[in-house]
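Numbering (this note's numbering), first residue to last: 445 to 754. All residues carry an ideal CB built from backbone N, CA and C; glycine is no exception. One structure is given below, encoded as structure tokens.
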């Protein structure tokens with residue numbers, strides 16, 4: 445059994461490769477039943493004072509430092525704004541299937557809070573929406589252009605030693621789904637509707653002032669793609685500032701295009717939104733014609749900036 449934890453378990457139990465046995469020899473249902481029994485017994489061993497100590501030590505369970513009512517007001521205003529631009533508001537579950545972020549995307553499972561009953565705590569609502577859309581398309585095949593939005597609490601396991609940041613936070617999310625019809629038609633439509641919606645939310649709900657959109661080239665599309673998108677946006681959305689990042693670095697999460705939305709508040713620059721094209725619905729439906737565009741923006745970050753917490 446590789447790794448430090450494997451060696452520790454082997455020394456204490458005398459069983460070699462216990463993790464391998466659990467993963468490979470037990471069915472999902474049997475493993476789930478075993479873990480439920482383990483955690484049930486561990487919970488029975490806890491006393492009330494011990495529970496309080498666990499609470500005080502666990503960064504995942506502490507309340508967020510934000511004005512909750514103000515956050516809810518901004519969340520509602522965000523959804524109302526996006527629905528005016530054709531996005532349908534959906535409330536996703538706080539749980540996702542195990543692997544929702546790591547199977548189709550490049551997120552390591554250790555950055556997600558895995559749970560029992562073949563679930564994980566939601567870490568990205570766009571993954572959940574991709575699963576929902578793919579499931580709907582599998583049951584009712586169609587080529588309809590779909591626009592969804594949500595405002596959702598997210599939990600992520602990586603440690604942020606940054607003032608004002610916590611493991612759980614609210615993000616505004618948008619997705620567009622459809623199929624390839626040639627001439628980058630889906631991509632042009634999806635990018636336009638996301639940029640228009642984001643620009644309106646940021647400028648009208650949060651009063652951020654001008655929003656700058658930066659396109660970053662990613663692998664997976666023809667070299668003509670980014671120039672075609674830039675030309676389309678400059679022609680059809682001249683009111684928006686859209687440029688290409690000439691030093692985008694690398695990012696395997698997105699396909700063809702990634703974007704950043706940048707604002708300036710309190711004399712500080714923030715990359716407040718991020719998104720792009722992903723191949724998740726292609727993988728889920730085993731169909732290369734499927735297209736999926738996502739965006740997420742720091743709704744709670746904006747809320748904290750308004751409160752002066754950052």
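Assign residue i to one of three DSSP states: helix, strand, or coil.
{"i": "residue 445", "result": "Summary for residue 445: the model assigns pLDDT 42, below 50, so the residue's position carries little reliability, and this model does not support an answer."}
{"i": "residue 483", "result": "helix"}
{"i": "residue 592", "result": "strand"}
{"i": "residue 638", "result": "helix"}
{"i": "residue 514", "result": "helix"}
{"i": "residue 756", "result": "Only positions 445 to 754 of the chain appear in this structure, which leaves residue 756 out of reach."}
{"i": "residue 628", "result": "coil"}
{"i": "residue 506", "result": "coil"}
{"i": "residue 753", "result": "coil"}
{"i": "residue 550", "result": "coil"}
{"i": "residue 585", "result": "coil"}
Would you grab the beta carbon distance between residue i and residue j for me? Rounded to a whole angstrom, and I think it's under 8 Å.
{"i": "residue 453", "j": "residue 465", "result": "Going by Cβ atoms, the distance from residue 453 to residue 465 rounds to 11 Å, so no, they are not a contact pair."}
{"i": "residue 705", "j": "residue 642", "result": "6 Å"}
{"i": "residue 559", "j": "residue 566", "result": "Residue 559 to residue 566, Cβ: 10 Å. No contact."}
{"i": "residue 620", "j": "residue 590", "result": "7 Å"}
{"i": "residue 743", "j": "residue 597", "result": "That belief does not hold up - the Cβ atoms of residue 743 and residue 597 are roughly 10 Å apart, past 8 Å."}
{"i": "residue 644", "j": "residue 529", "result": "7 Å"}
Measure the alpha-carbon distance for residue i versus residue j and round it to whole angstroms.
{"i": "residue 738", "j": "residue 467", "result": "33 Å"}
{"i": "residue 527", "j": "residue 533", "result": "7 Å"}
{"i": "residue 569", "j": "residue 740", "result": "9 Å"}
{"i": "residue 538", "j": "residue 531", "result": "21 Å"}
{"i": "residue 546", "j": "residue 535", "result": "22 Å"}
{"i": "residue 476", "j": "residue 489", "result": "20 Å"}
{"i": "residue 692", "j": "residue 491", "result": "52 Å"}
{"i": "residue 727", "j": "residue 581", "result": "13 Å"}
{"i": "residue 669", "j": "residue 633", "result": "14 Å"}
{"i": "residue 709", "j": "residue 652", "result": "7 Å"}
{"i": "residue 515", "j": "residue 451", "result": "46 Å"}
{"i": "residue 501", "j": "residue 680", "result": "53 Å"}
{"i": "residue 480", "j": "residue 561", "result": "8 Å"}
{"i": "residue 647", "j": "residue 485", "result": "52 Å"}
Looking only at DSSP bridge pairs, what is residue i linked to?
{"i": "residue 721", "result": "737"}
{"i": "residue 539", "result": "565"}
{"i": "residue 558", "result": "564"}
{"i": "residue 619", "result": "592, 738"}
{"i": "residue 598", "result": "613"}
{"i": "residue 533", "result": "593"}
Do we get a CB-CB distance below 9 Å when we pair residue i with the residues of chain D?
{"i": "residue 705", "result": "Protein chain content of the structure displayed is limited to a single chain, and chain D is not contained in it."}
Segments of 4+ residues assigned as alpha helix (DSSP H) that fall wholly inside the segment 649 to 719
Scanning the segment 649 to 719 for uninterrupted alpha helix (DSSP H) segments of 4 residues or longer gives 669 to 680, listed from N- to C-terminal end.
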